[in-house]
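The sequence shown lines up with residues 33 to 716 when you count with the numbering used here.
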Amino acid sequence: ADRGSSDKGIPENSPVGKILALLAELRSQLKDDAKVDRQQFEMYSEWYAVQYADANKTIEEAQETAADLGTRLKQQEALREKRGLAIEKATSKLAVAEKELKDATTQRGTEHQAFVQGLAETDEAIHRLEHAVEVMDQQAPGHQAKQQSSASLVDVARKVRTVLLQGPDFSLTLSQRETLDGFLRAALRRSHRSEAAGGLRGASGEEALAPDFLQVGDQTSGFAEYMAQGNDGVVAALDSVLGKAREHLQDLRMQEERASFVFAKFEKETKARIKSIKSSITSDKQQIAESQELSGRSEADLSTTAQLLKVTQDGLDRLKVDFTTKNNSFHERSRKRNDEILAVEEASEIMNGKEMRKLMREQYQKPESSIGFVQLQQVARRRALHALRAARSPGVALLALRTHTEAMRSSSRANPFGKVTQLIRDMIARLSKECAAEATKAQWCESEMAKSAKSKFNIDKSADKLKARIAQIDTEVDQLTADIKRINAEIGDMSKAKREATELRKEEQSEAAGSIERYEDAQRLLRAALTLLKKTYGKKEEERTGSQSSDGGYKVSGIGAGVVGLLEIAIEDFAQLQQETETAEATAQKDYKDLMDSTDVKTAAFNKDLEYKNQQKVRLEGDRVRVVEDLQNFDKELKALEKYIEELKVQCLKRETYEERKQRREEEIRQLQEALASLNGNAY
């Protein structure tokens with residue numbers, strides 16, 4: 033219902049009614065509008081100044097922050113580069129130190145090995161020299177063992193020679209060398225005379241016994257003459273060599289101790305240096321990691337600052353553009369408001385005409401505007417389309433179903449009595465042999481019991497698998513049944529939604545056509561009134577100035593221009609309503625077509641899925657029948673095998689006489705032959 037109407041029936045709340053009501057008040061209202069407009073513009077200017085200052089301040093702070101962050105990133109990058117170079121140098125030093133330690137360890141091992149070898153050689157030399165001195169002491173005048181054989185002296189001579197050749201350099205004097213040379217050669221000649229009878233004199237000769245520093249001297253003097261002169265010089269020479277050998281042993285030990293001490297000190301210092309280098313590398317790596325973490329945070333802050341700077345700058349640019357636009361608009365409005373002319377009567381007459389009143393009554397007697405109706409129906413239609421597209425896809429259930437049933441495509445099954453038949457044949461053969469070989473019965477019983485137990489285990493395992501498969505098939509069948517029921521319900525819902533959408537589309541088309549016709553009529557009438565007003569009040573400013581001079585200085589009111597502007601706005605509003613209605617109608621038709629196409633596609637897909645699920649359900653039910661049949665066959669096979677195991681227990685676990693066992697075996701063979709014939713379906 034209209035809130036009120038003018039004397040001629042134009043509703044006050046309509047654009048035309050408002051124009052008529054405003055004409056009387058337009059003169060005073062123009063001044064009020066100018067005052068309000070200026071106040072608003074001044075308030076806007078003040079707000080603009082504040083926003084402009086805040087934006088500039090934010091930009092300056094962001095630029096400073098970005099510069100600080102950039103400097104910080106460069107510093108951290110320089111720090112990482114410096115620490116990286118330090119790590120490279122430390123790594124090089126670490127490699128050198130580790131190599132030095134390794135080389136020193138190897139050298140120390142070589143030196144220690146040489147020490148051990150020298151120690152052993154020196155100990156052996158001392159032992160031989162001590163033995164030589166002991167023998168020579170026994171040759172001294174008045175000694176009880178003076179009549180020592182030449183063989184012992186030769187042995188002494190050989191040991192002394194070995195020490196002089198293989199031992200360390202003892203630095204003998206010339207007299208000591210001559211003494212030892214005479215001793216060795218005298219001992220050798222005595223040995224040759226003693227051994228001549230036995231043919232032991234060889235080609236080695238005295239040159240083989242004497243050391244390199246001894247020269248071949250006079251061989252005419254005998255050993256007795258040499259020993260008669262006394263052996264004090266030989267003993268003294270040997271004692272001197274023995275003393276030097278002991279001194280050499282002490283020197284070796286002192287050198288080893290010093291070398292060990294020096295190596296231990298070097299090893300300790302080098303390991304400490306290696307530890308320090310590794311600690312430095314670890315510290316540098318930690319600083320690099322901390323620097324990378326700090327750089328990451330700085331980069332994130334820099335990105336945030338750059339984004340803030342960009343957003344603020346963009347906002348400031350938009351603010352400037354908006355201020356310039358509003359400033360120009362304000363001055364343009366002020367200029368046009370001063371140029372308005374009053375031309376109302378003929379326009380009012382046109383707008384108060386019979387045709388316009390009829391049009392306004394039709395427009396404002398509707399319970400709600402057609403465009404609102406179109407929009408509401410469009411929302412309802414889009415919700416229906418969204419509900420359809422959000423439905424669960426039957427393809428997902430189909431894929432799951434294929435996955436579950438992929439393992440059940442085998443077209444053949446093994447004979448359930450194959451194992452029992454083979455067992456029976458084996459038993460017949462074994463029982464026949466046992467009649468002639470009683471001694472092998474224990475082994476046969478053990479073998480048969482093991483095989484039977486294994487067969488029973490396999491049958492139980494196969495039966496469990498079949499039971500699990502039956503449970504799986506039942507689950508899949510139940511799921512398929514629920515899916516079929518759901519798909520049927522969805523197909524019914526889609527058909528119902530399709531019918532409702534078609535009825536709604538027809539109503540929308542009818543309502544949109546009537547609304548478009550009314551908007552076109554309103555525009556036609558308003559354009560006629562606007563054309564009439566523009567003939568009177570639509571002249572340019574120069575023409576109006578000349579007209580005022582010719583009309584005796586008459587200056588019309590500026591309210592007429594406002595009326596012309598309002599008429600133009602009213603025409604634009606009706607044109608916009610017409611365009612929105614036409615656009616909404618085209619969109620509604622497209623949505624309706626999309627809804628129908630989607631519904632048809634969904635219905636076809638659901639019907640196909642429904643057909644496939646029904647086929648799968650039939651196939652699974654057939655598979656279940658066959659699996660149940662296999663399970664029953666396994667049960668029969670298991671019962672037969674359990675009976676056979678009980679018979680084995682009777683045969684193998686109870687003691688019987690040979691005649692009893694023979695009679696029982698013959699009966700068992702007969703029963704087994706009958707069972708085999710029964711399984712094979714013919715006579716044995």
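Every residue, glycine too, gets a C-beta built ideally from N, C-alpha and C.
contact_flag[the stretch 115 to 122, the stretch 327 to 341] where n(CB pairs < 8 Å) is 3 or more = no
Cβ-Cβ separation, residue 558 to residue 602 (assumed contact under 8 Å), whole Å = 6 Å
key: residue 97 beta carbon less than 8 Å from that of residue 344   = no
inquiry  = Between 486, 279, 488, 621, which has its C-alpha nearest residue 537's C-alpha?
reply    = 621
request  = Compare the C-beta of residue 533 against all C-beta atoms of chain B and say whether one is closer than 8 Å.
outcome  = Absent from the structure: chain B. Only one protein chain is present.
inquiry  = Between residue 512 and residue 649, how many whole angstroms is the CB-CB distance? I'm expecting something under 8 Å.
reply    = 5 Å
query = Hey, is the stretch 266 to 283 in contact with the stretch 153 to 170, meaning 3+ C-beta pairs nearer than 8 Å?
reply = yes
query = Count the other CB atoms within 10 Å of the CB of residue 542; is the residue buried (16 or more) or exposed (fewer)?
reply = exposed
request  = Assign residue 293 to buried or exposed, taking buried as 16 or more other Cβ atoms, counted over all protein chains shown, within 10 Å of its Cβ.
outcome  = exposed
Meets three-Cβ-pair contact criterion under 8 Å: the stretch 78 to 92 and the stretch 300 to 313 = no
key: Exposure of residue 487, with buried meaning 16 or more beta-carbon neighbours within 10 Å   = buried
task = Measure the C-alpha to C-alpha separation of residue 105 and residue 77 and round it to an integer number of angstroms.
result = 41 Å
task = Report the rounded CA-to-CA distance for residue 135 versus residue 166, giving the unit in angstroms.
result = 46 Å
task = Indicate the three-state DSSP secondary structure (helix, strand or coil) for residue 307 in the structure shown.
result = helix
ask   = Could you give the C-beta distance for residue 612 and residue 544, rounded to a whole number, given that I count them as a contact under 8 Å?
value = Rounded, the Cβ-Cβ distance is 10 Å, inconsistent with contact.
inquiry  = What does the Cβ neighbour count give for residue 229, buried or exposed, with the cut at 16 atoms within 10 Å?
reply    = For residue 229, the pLDDT reaches just 44, beneath the cut-off of 50, and the residue's location in the model is therefore unreliable, although a value from the coordinates is still provided. So residue 229 counts as exposed.
task = Sort 73, 675, 682 by Cα distance to residue 364 and report the nearest one.
result = 73
ask   = residue 669: which of 695, 503, 491, 600 sits nearest, CA to CA?
value = 491
task = May I have the straight-line CA-CA distance separating residue 476 from residue 495, to the nearest angstrom?
result = 28 Å
inquiry  = Using only the alpha-carbon positions, how far apart do residue 555 and residue 608 sit?
reply    = 11 Å
task = Would you mind sorting residue 102 into buried or exposed? The rule is 16 or more other CB atoms within 10 Å of its CB.
result = exposed
query = Taking C-beta to C-beta, are residue 284 and residue 150 nearer than 8 Å?
reply = yes
task = Specify the secondary structure class of residue 251 as computed by DSSP and reduced to three states.
result = Caution is warranted here: a pLDDT of 40 is assigned to residue 251, below 50, making its placement in the model unreliable, and the coordinate value is therefore given only provisionally. Looking at residue 251 - three-state DSSP - the assignment turns out to be coil, as it is neither helix nor strand.
request  = Would you check if the distance between the CB atom of residue 519 and the CB atom of residue 354 is smaller than 8 Å?
outcome  = no
task = Alpha carbon to alpha carbon, how far is residue 502 from residue 660? Give it in angstroms, no decimals.
result = 7 Å
query = Since residue 25 and residue 645 are thought to touch, with beta carbons under 8 Å apart, how far apart are those beta carbons, to the nearest angstrom?
reply = It is not possible to answer for residue 25, since the shown part of the chain is limited to 33 through 716.
ask   = Exposed or buried, which one is residue 521 when buried takes at least 16 other CB atoms within 10 Å?
value = exposed
ask   = What's the gap between the Cα of residue 623 and the Cα of residue 629?
value = 10 Å
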